[in-house]
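The structure appears right after this line, and notes come after that.
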Amino acid sequence: MKYVSTRGSAPVLSFDDVLLAGLARDGGLYVPQSWPHFSAAEIRAMRGLSYAEIAVTVMAPFVEGCLTRDELTALVNDTYAGFTHPAVAPLRQVGANQWVLELFHGPTIAFKDYALQLVGRLFDHVLKKRGQRVTIVGATSGDTGSAAIEACRDRAAIDIVILHPQGRTSEVQRKQMTTVLASNVRNLAVEGTFDDCQDMVKALFNDHAFRDTYNLSAVNSINWARVMAQIVYYFASAVAVGAPDVPMTFSVPTGNFGNVFAGFCAKQMGLPVEKFIVGSNSNDILTRFFETGVMSADGVVPTLSPSMDIQVSSNFERLVFHYLGNDGAAVATLMDEFRTTGRMDMPQGAYGAMRTLFEGHRYNDQETLAVMKTMRQTAGEMLDPHSAIGVAAGIKGHDHKASPLVALATAHPAKFPDAVEKATGIRPPLPDHMADLFDRPERFDVIANDLAAVRDYVVTFAGRARA
Ligand SMILES: *Cc1c(COP(=O)(O)O)cnc(C)c1O
1 MKYVSTRGSA
11 PVLSFDDVLL
21 AGLARDGGLY
31 VPQSWPHFSA
41 AEIRAMRGLS
51 YAEIAVTVMA
61 PFVEGCLTRD
71 ELTALVNDTY
81 AGFTHPAVAP
91 LRQVGANQWV
101 LELFHGPTIA
111 FKDYALQLVG
121 RLFDHVLKKR
131 GQRVTIVGAT
141 SGDTGSAAIE
151 ACRDRAAIDI
161 VILHPQGRTS
171 EVQRKQMTTV
181 LASNVRNLAV
191 EGTFDDCQDM
201 VKALFNDHAF
211 RDTYNLSAVN
221 SINWARVMAQ
231 IVYYFASAVA
241 VGAPDVPMTF
251 SVPTGNFGNV
261 FAGFCAKQMG
271 LPVEKFIVGS
281 NSNDILTRFF
291 ETGVMSADGV
301 VPTLSPSMDI
311 QVSSNFERLV
321 FHYLGNDGAA
331 VATLMDEFRT
341 TGRMDMPQGA
351 YGAMRTLFEG
361 HRYNDQETLA
371 VMKTMRQTAG
381 EMLDPHSAIG
391 VAAGIKGHDH
401 KASPLVALAT
411 AHPAKFPDAV
421 EKATGIRPPL
431 PDHMADLFDR
441 PERFDVIAND
451 LAAVRDYVVT
461 FAGRARA
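The UniProt record's numbering applies: residue 1 is where the sequence shown begins, and numbers increase by one.
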């Protein structure tokens, strides 16, 4: 399998090059040159398989030429053996033909583990084969940092440094990062804001000599391998509720559009899908887009669902590429327009086609809390604020008849205990494997909000492995 950039002018790459490259050199995102296809009979044959078996079946065509099926199987088995539910991604019924897909049984109890746990192993595997190492540097406002650290801890070919704004993450979020004492992991508590952290990381990546010397890398949500690993649970949940013999409805609480785009990939691969319902919080750029055909950037306001507090959805470019008929030059023009004006008008034909498959619904914090309360009372289901938005949007958009609704629950309620307690009166306990989180020793280094200081820190840390 080969991969092309959504902007059409970067080199065509193999899977392992795409994995390590992240963003394409022309500023675009990599997508497969063609979609692998599963027939109805092949999809039906996934029924009853384990999550890991479905994962190998679904991902094998994407890694062909880079990993053997045995190598893929070993990495996949190792990845999902560490999850705490035997089904890995269990379904719970919440209404007639309505299901919640629990994607919070990984080490950091949020859905990003489902992809990042595999991506960490893929990085390590490919880098070892090449005799290389990388230094992953990232900034986090709290949530993605822990999933990245858990994915990279103790991997021989990877060092990872994560910057967080000192005192501005929640206790749970900080502890999930700073209690990982692996020798290849460092946490920097920056005396500044999240934007300061992000600006410094960007500056390090823009220093090309520095980037090359220390082989800086990222595992951010535009990485194709993350999308690929997320396709699996769309197939796994769909066959459990009757696909391919019934068309599916999925609802997804959405930020960067990476998760729901993976569902779109599943559809391209032959899974019958009637509708994708996107749930937004007050940062509703996507819902506004699906209502109007115009993408217009606005300021970001903080909400109870911080992982969806985004200004632009970076993965949306992959959808645009598809609906513009894989015309990279046209995508580049639209994206340039968006970057310079903060606004992009989708051509009518493309927008009309998107609207036959996608719709969006938005929920502010008040409405989100109300949904959490109702779901607890009527279905006995404790939802975190992100998941509540997905479930509410799904139920609103689901036209019950013959299409099962699967609503993706993206975080465990215990990850957002204050909001859950406010909505339901119950403070959800951490799951067993994390119950002692607050007793574990922490390690982090406080650092000034100063690029030179951060740079020196990375030099010393990454340099020790190169000495
Ligand atoms: C990252 C995240 C999201 C948003 O997912 P995207 O792929 O960025 O759309 C939703 N919920 C939770 C809990 C997350 O961590």
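Glycine included, each C-beta is placed from N, C-alpha and C at the ideal position.
Indicate, with yes or no, if ligand 1 has a heavy atom lying under 6 Å from the CB of P253.
Flag set: Cβ of P253 near ligand 1.
Can we count T303 as close to ligand 1, meaning its CB is less than 6 Å from some heavy atom?
no
Quick check on this structure: which residue in G65, V406, I426 has the alpha carbon closest to the alpha carbon of P413?
If we check each option's Cα against that of P413, I426 comes out closest.
Between H398 and Q98, which are expected to be in contact by the criterion C-beta below 8 Å, what is the C-beta distance as a whole number of angstroms?
7 Å
Any heavy atom of ligand 1 closer than 6 Å to the Cβ of S307?
yes
Measuring CB atoms only, is the segment 137–147 touching the segment 200–219, in the sense that at least three cross pairs come out at less than 8 Å?
yes
Look at the alpha carbon of L72 and the alpha carbon of A96, and state the distance between them as a whole number of angstroms.
37 Å
Report back the beta-carbon spacing between V420 and D384 to the nearest angstrom; my notes put them in contact at under 8 Å.
7 Å
In this structure, does DSSP put residue 510 in helix, strand or coil?
Nothing can be reported for residue 510: it is not among the residues displayed for the chain, which extend from 1 to 467.
Compare the Cα-Cα distances from A329 to each of S221, G27, V18 and report the closest residue.
G27
Decide if D284 is buried, meaning its Cβ has at least 16 other Cβ atoms within 10 Å, or exposed.
buried
Check this for me: beta carbons of S307 and I222, under 7 Å apart or not?
No, Cβ-Cβ distance for S307 and I222 is not below 7 Å.
State yes or no: is the C-beta of G342 nearer than 6 Å to some heavy atom of ligand 1?
no
Going by DSSP, what residues sit across from R25 in a beta bridge?
Paired residue(s): none; R25 is not in a bridge.
Using beta-carbon positions only, say whether E381 and M372 come within less than 7 Å of one another.
At a Cβ-Cβ threshold of 7 Å, E381 and M372 do not count as neighbours.
Within its chain, find whatever has a CB closer than 8 Å to the CB of P429; leave out the 5 residues flanking it on each side and keep chain order.
A414, A435
With a cut-off of 8 Å, do at least 3 Cβ pairs link the segment 268–280 to the segment 329–345?
Segments in contact, no.
For E191 and V4, which I take to be in contact (beta-carbon distance under 8 Å), what is that distance rounded to the nearest angstrom?
No, E191 and V4 are not in contact; Cβ-Cβ is about 43 Å, not under 8 Å.
Run through the DSSP bridge pairs and tell me what Q93 is partnered with.
W99
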